[in-house]
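As structure tokens, the structure follows; a few thoughts come after it.
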């Protein structure tokens, strides 16, 4: 396991529509393990594979509810609305206000390829939506208002 470099805004991989994961093998496990180390080191709430330069549909979220890995995640329902501040490990030194659903239900696979569903609310839902946007080449700054400079 190792800490990978987090790519920054301007890198074309952040604008790619990522490919589904089809092989649940050692290469995927290595990527996921490295992503977890990278996320912990960066002290972020989430990380998507394209943020470490790999355009596949895999994300991790580390929030109060726990640490989660989502492979090939899809939002199947959403409810309500929340507005709040966001930042991104790939957009250093900036923050903005983004409107997100208050509650989302997602279906996803785990690292073995088994299928699950999960309901996330509040900040957990915000983090899930933010990371899933990365899989379609969308950055929070595309949706944010009041984007401003912040200290890292």
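Numbering (my numbering), first residue to last: 1 to 152.
We treat Cβ as the ideally placed atom computed from N, Cα and C, and that holds for glycine.
All values reported here derive from a predicted model rather than from experimental measurement.
- Minimum Cα-Cα distance from residue 5 among the listed residues 75, 90, 79 and 45 corresponds to 90.
- Inter-segment contact for the stretch 16–29 and the stretch 91–107 is absent: fewer than three beta-carbon pairs are separated by less than 8 Å.
- Counting of Cβ neighbours within 10 angstroms places residue 42 among the exposed residues, the total staying below 16.
- Between the stretch 102–119 and the stretch 69–85, the count of C-beta pairs closer than 8 Å reaches three or more; the two stretches touch.
- In the structure shown, residue 51 adopts helical secondary structure according to DSSP, grouped into three states.
- Around the CB of residue 109, 16 or more other CB atoms lie within 10 Å, so the residue is classed as buried.
- A buried status is given to residue 35, since no fewer than 16 other beta-carbon atoms sit within 10 Å of its beta-carbon.
- Here residue 94 has 87, 88, 141, 147, 148, 149 and 150 as same chain residues with Cβ atoms under 8 Å from its own Cβ, once five neighbours each way along the sequence are excluded.
- Linking residue 67 to residue 145 through their CA atoms gives a straight-line distance of about 29 Å.
- For residue 139, no beta strand (DSSP E) encloses it, and the DSSP letter there is neither H nor E.
- Under the DSSP definition of a beta bridge, residue 68 partners with 61.
- As computed with DSSP, residue 121 is found in a beta bridge with 103.
- Between residue 52 and residue 7, the C-beta gap is smaller than 9 Å, which places the two residues in contact.
- One alpha carbon belongs to residue 69, the other to residue 131, and they sit about 11 Å apart.
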